[in-house]
Amino acid sequence: MLEVTEIYKSVQGESTYIGFPCVFVRLTGCNLRCVWCDTTHAFHNGKNLSIDQIVDQVKSYGINLVEITGGEPLLQKEVFPLMESLLINKFQVMLETSGSLSIKNVPKEVIKILDLKCPGSGEENKNLWENLNHLASTDEIKFVIADKVDYEWSKKVLQDYKLDKKIPILFSPVFEKLKLKDLTEWILADNLPVRLHTQLHKYIWDPKTIGV
Ligand code: SF4
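Using this note's numbering, you'd call the opening residue of the sequence shown number 13 and step up by one each time.
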């Protein structure tokens, strides 16, 4: 059994898959408490579902792309057989993770979107740097940036680890905290080889709407 907050159909609001129809499986629970977290409803009180029940519900939407998210989806050990089951059923599977738990045993066919937690999240010390060794070129790294300090930190990490040579890099502003325009201007001033990123769903629907 897995504890699940919600399963729903939407467009992918983030990553380089932005805009594609996608089914989201949001697992309950998170080991972090980012100060700007927009998913606090996933911290507690999910519903227990078996892997078969989850896969059946995902199938019912008739969409091939599925993202497992949270909370922190890797907290629940059964997420591994869930990913295997979705792959066996021929889904294209994405996993969004905070990067604080090991991704080593995530099936290689799964597209991993790894957050690196900037200082402004309050959770910078939870980054599991060893995860960078387990990323494939099909995976992506996302920095959620609250201010100029976060931006400079992200730029240094990018350069120290030569990340842009290996993998798509997403720089995303904390919604309603950092202006998209400011982040854009910083990226352009530095000619940074990163993808400016935003949470598309917050522009389509009311930003506080959940399950979209
Ligand atoms: S890792 Fe994600 S779900 Fe957990 S507190 Fe941070 S933003 Fe919220």
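Using N, Cα and C, we set each Cβ at its ideal position, and we do this for glycine too.
Return the Cβ separation of residue i and residue j in integer angstroms, given the expectation that the two are a contact with Cβ distance under 8 Å.
| i | j | result |
| --- | --- | --- |
| glutamate 79 | phenylalanine 36 | 5 Å |
| proline 219 | phenylalanine 187 | 6 Å |
| alanine 148 | lysine 116 | Incorrect: roughly 12 Å between the Cβ atoms, too far for contact. |
| histidine 213 | valine 23 | 7 Å |
| leucine 140 | leucine 113 | 7 Å |
| valine 91 | leucine 39 | 7 Å |
| leucine 107 | valine 118 | 6 Å |
| serine 133 | tryptophan 217 | The pair is not a contact, with the Cβ atoms about 24 Å apart (cut-off 8 Å). |
| leucine 204 | lysine 167 | 6 Å |
| lysine 124 | aspartate 151 | 4 Å |
| leucine 94 | isoleucine 75 | In fact, because the Cβ distance is near 17 Å, the residues do not count as touching under 8 Å. |
| cysteine 130 | isoleucine 157 | 6 Å |
Who are residue i's beta bridge partners in DSSP?
| i | result |
| --- | --- |
| tyrosine 29 | Partner(s): none; tyrosine 29 has no beta bridge. |
| arginine 207 | Leu182 |
| valine 122 | Paired residue(s): none; valine 122 is not in a bridge. |
| cysteine 34 | Ser22 |
| leucine 61 | Leu14 |
Taking residue i as the reference, give the member of the options with the closest Cα.
| i | options | result |
| --- | --- | --- |
| proline 84 | His53, Leu204, Val224 | Reading off the sequence shown, one finds glutamate at residue 84, where the question assumed proline. Of the listed residues, the one whose Cα sits closest to glutamate 84 is His53. |
| phenylalanine 155 | Ile199, Ser114, His146, Val122 | Ile199 |
| asparagine 43 | Asp194, Gly111, Glu142 | Gly111 |
| valine 122 | Arg207, Thr109, Trp48 | Thr109 |
| serine 27 | Leu126, Lys193, Asn101 | Leu126 |
| cysteine 235 | Ser166, Glu135, Lys177, Tyr173 | Since the displayed the chain opens at 13 and closes at 224, residue 235 lies outside it and no answer follows. |
| threonine 221 | Glu15, Tyr20, Met13, Leu14 | Tyr20 |
| leucine 161 | Gly25, Pro185, Ile153 | Before going further, note that residue 161 is valine rather than leucine in the sequence given. When each option's Cα is compared against that of valine 161, the closest is Pro185. |
| glutamate 164 | Asn143, Pro180, Asn145, Ala201 | Ala201 |
| histidine 146 | Lys59, Ile179, Val70 | Ile179 |
| aspartate 64 | Leu99, Tyr215, Gly223, Cys34 | Leu99 |
| glycine 223 | Thr81, Ile181, Leu14 | Thr81 |
| tyrosine 173 | Lys193, Leu195, Thr196, Leu144 | Leu144 |
My output table needs one value for residue i: the three-state DSSP class, helix, strand or coil.
| i | result |
| --- | --- |
| glutamine 171 | helix |
| glutamate 84 | coil |
| phenylalanine 55 | coil |
| tyrosine 20 | strand |
| threonine 221 | coil |
| leucine 107 | strand |
| lysine 189 | coil |
| aspartate 127 | strand |
| glutamate 79 | strand |
| valine 67 | helix |
| leucine 147 | coil |
| leucine 39 | strand |
| glutamate 15 | strand |
| asparagine 117 | coil |
| lysine 154 | strand |
| asparagine 137 | helix |
| leucine 44 | coil |
| leucine 99 | helix |
| leucine 200 | helix |
| serine 112 | coil |
| aspartate 176 | helix |
| tyrosine 73 | coil |
| leucine 94 | helix |
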